[in-house]
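Here the structure comes first, spelled out in structure tokens, and everything after it is commentary.
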Amino acid sequence: GDSVTQMEGPVTLSEEAFLTINCTYTATGYPSLFWYVQYPGEGLQLLLKATKADDKGSNKGFEATYRKETTSFHLEKGSVQVSDSAVYFCALSSMFSGGYNKLIFGAGTRLAVHP
Amino acid sequence: GAVVSQHPSWVICKSGTSVKIECRSLDFQATTMFWYRQFPKQSLMLMATSNEGSKATYEQGVEKDKFLINHASLTLSTLTVTSAHPEDSSFYICSARDSGLSTDTQYFGPGTRLTVL
């Protein structure tokens, strides 16, 4: 079945460092890909998405490119801030019987950024 | 916009009792809501899809008689954990899809932590 694998955390960085969180997926169809972020004590928020191959999603300095050839959707940011400390979830959306989409999540990667 | 709330945020109950968790879309209508379960340091696992006015669709391996879902209005879905046991202790998260948008984006609630003693 469809699945998402993302790098284990925690990832600990100093402020202004470059961030990469790897995400790869397995899907039978052509899924949409998402990154969600969960700040402490809050719900998951959509960070960015891409709906087809070679699309680049971007938001708040974060980027991820839908790479069909490598089945990847790695999250990157050029210069992280302390406020980026959170748990990041990679997810895919697949169409299932009944005509609706459902999300399949990776395990989440905790990011801690220190001043 | 697109805020989803859950109540309660945490609950502790005795084994054998039932617990109801509410999920509300505060500023949009949601024909479809989803219930997830998250174990510590693990992924969110979809339990069921809740459709307003109809029966929920449960994922394989989820007991529908144990996890009762009701989606009686366009802004409210409830999950009732019946006869809870310690193994039901977990973090339960709901999400909602905005009925007015042609998108598969889901908006998530903050989650409810259930501890069964």
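In the order they appear, the protein sequences are chains L and H.
Under this note's numbering, the residue at position 62 of the first sequence is numbered 262, and the numbers go up by one with no gaps.
Under this note's numbering, the residue at position 1 of the second sequence is numbered 282, and the numbers go up by one with no gaps.
Ideal Cβ positions, reconstructed from N, Cα and C, are used throughout, including at glycine.
Simplified DSSP state of residue i, which is helix, strand or coil
i, result
"H:Ser296", "coil"
"L:Ala276", "The sequence shown places Glu at residue 276 of chain L, rather than the Ala named in the question. Three-state DSSP puts L:Glu276 in a strand."
"L:Ser283", "helix"
"L:Thr205", "strand"
"L:Lys302", "strand"
"H:His366", "coil"
"H:Phe315", "strand"
"H:Phe320", "coil"
"L:Ala291", "strand"
"H:Ser376", "strand"
Start and end residues, beta strand (DSSP E) containing residue i
i, result
"L:Gly257", "Lys256 to Asn259"
"L:Tyr236", "Ser232 to Gln238"
"H:Ala329", "Leu325 to Asn332"
"L:Glu263", "Phe262 to Thr265"
"L:Asn222", "Premise fails: L:Asn222 is in no beta strand (DSSP E) and is neither H nor E."
"L:Lys249", "Leu244 to Ala250"
"H:Gln387", "Gln387 to Phe389"
"H:Gln310", "Neither: H:Gln310 is in no beta strand (DSSP E) and is coded neither H nor E."
"H:Phe348", "Phe348 to Ser354"
Residue i versus residue j: straight-line alpha-carbon distance, rounded
i, j, result
"L:Ser279", "L:Ala286", "15 Å"
"L:Met295", "L:Ile304", "11 Å"
"H:Thr386", "L:Leu246", "8 Å"
"H:Leu395", "L:Ala227", "32 Å"
"H:Ile252", "L:Glu215", "Given a span of 282 to 398 for chain H in the structure shown, any question on residue 252 of chain H remains unanswerable."
"H:Lys322", "L:Ala307", "7 Å"
"H:Phe295", "H:Ser370", "The sequence shown places Lys at residue 295 of chain H, rather than the Phe named in the question. Going by the C-alpha atoms only, they are around 11 Å apart."
"L:Ser283", "H:Tyr388", "21 Å"
"H:Gln319", "H:Tyr373", "6 Å"
"H:Gly297", "H:Met328", "21 Å"
"L:Asp255", "H:Asp346", "42 Å"
"L:Asn259", "H:Thr313", "26 Å"
"L:Phe234", "L:Phe289", "8 Å"
"L:Pro231", "L:Thr251", "7 Å"
"H:Leu325", "H:Tyr317", "6 Å"
"L:Tyr236", "H:Leu307", "20 Å"
"H:Ala365", "L:Lys268", "43 Å"
"H:Gly392", "H:Ser380", "21 Å"
"H:Glu404", "H:Thr359", "No answer is possible for residue 404 of chain H: it lies beyond the span of chain H, which begins at 282 and ends at 398."
"L:Thr265", "L:Asp202", "19 Å"
"H:Val300", "H:Ala353", "18 Å"
Identity of the residues DSSP links to residue i by a beta bridge
i, result
"H:Glu303", "H:His288 and H:Thr359"
"H:Ser371", "H:Leu395"
"H:Lys336", "Its beta-bridge partners do not exist; DSSP assigns none."
"L:Val313", "L:Leu213"
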